[in-house]
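*Asks:* Below is one structure. I have some questions about it.
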């Protein structure tokens, strides 16, 4: 009986995960530590890191409901990560954009500046301000 119960439970989890992934195509998925149900605890987040959906295990682990998800809760808030000020978030977003551009340009500052639509001098100033070398 225990084997049948576990088999049914595993099948239900696989079905839920497949449906969840197909419901949020194009989203990124974050695994949430949730004890025994860790494999089933997933958050779907958009490119702005807003939560689009959560599996049942993730909803239980993070105490999320439809209202909070529909409101567009940031993943960091849902995960109860240490909060940063709005000003720090803007600085971090700018830093991330510069790092992505530099990475895509293989470290070539001139190419990164062109991709960002700014001058090379402006990119160098921003890099200095944000302590990027």
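In UniProt numbering, the protein residues as written are 1 to 133. C-beta atoms are modelled at their ideal positions from N, C-alpha and C, and glycine is treated no differently.
With a CB to CB cut of under 8 Å and the five nearest residues on each side skipped, what residues in its chain are close to residue 73?
*Replies:* Taking the first residue of the chain shown as position 1, residue 73 is located at position 73. 50, 51, 64.
*Asks:* Give me the Cα-Cα distance between residue 78 and residue 119, rounded to the nearest whole angstrom.
*Replies:* Position 78 of the chain shown, counted from the start, is the residue given in the question as residue 78. Position 119 of the chain shown, counted from the start, is the residue given in the question as residue 119. Roughly 38 Å separates the two Cα atoms.
*Asks:* Less than 7 Å between the beta carbons of residue 32 and residue 61, yes or no?
*Replies:* Within the chain shown, the letter at position 32 stands for residue 32. Within the chain shown, the letter at position 61 stands for residue 61. Cβ distance < 7 Å, so residue 32 and residue 61 count as in contact.
*Asks:* Applying the criterion that 16 or more other CB atoms from any shown protein chain within 10 Å of the CB defines a buried residue, is residue 112 buried or exposed?
*Replies:* Walking along the chain shown from the start, residue 112 turns up at place 112. That one is buried.
*Asks:* Considering only their Cβ atoms, is the gap separating residue 121 from residue 101 smaller than 7 Å?
*Replies:* Along the chain shown, one-based indexing puts residue 101 at 101. Along the chain shown, one-based indexing puts residue 121 at 121. No.
*Asks:* Using a Cβ-Cβ cut-off of 7 Å (strictly less than) and excluding sequence neighbours within five positions of residue 57, which residues of its own chain qualify?
*Replies:* Residue 57 sits at position 57 when you count from the first residue of the chain shown. Closer than 7 Å at the Cβ level, and outside the excluded window around residue 57, lie 34, 37, 40, 41.
*Asks:* Provide the residue(s) that pair with residue 28 in DSSP beta bridges, ordered along the chain.
*Replies:* Residue 28 sits at position 28 when you count from the first residue of the chain shown. Beta-bridge pairing links residue 28 to 45.
*Asks:* Does DSSP put residue 83 in a helix, a strand or coil?
*Replies:* On the chain shown, residue 83 is found 83 positions in, with the first residue counted as 1. Residue 83: coil per DSSP, three-state reduction.
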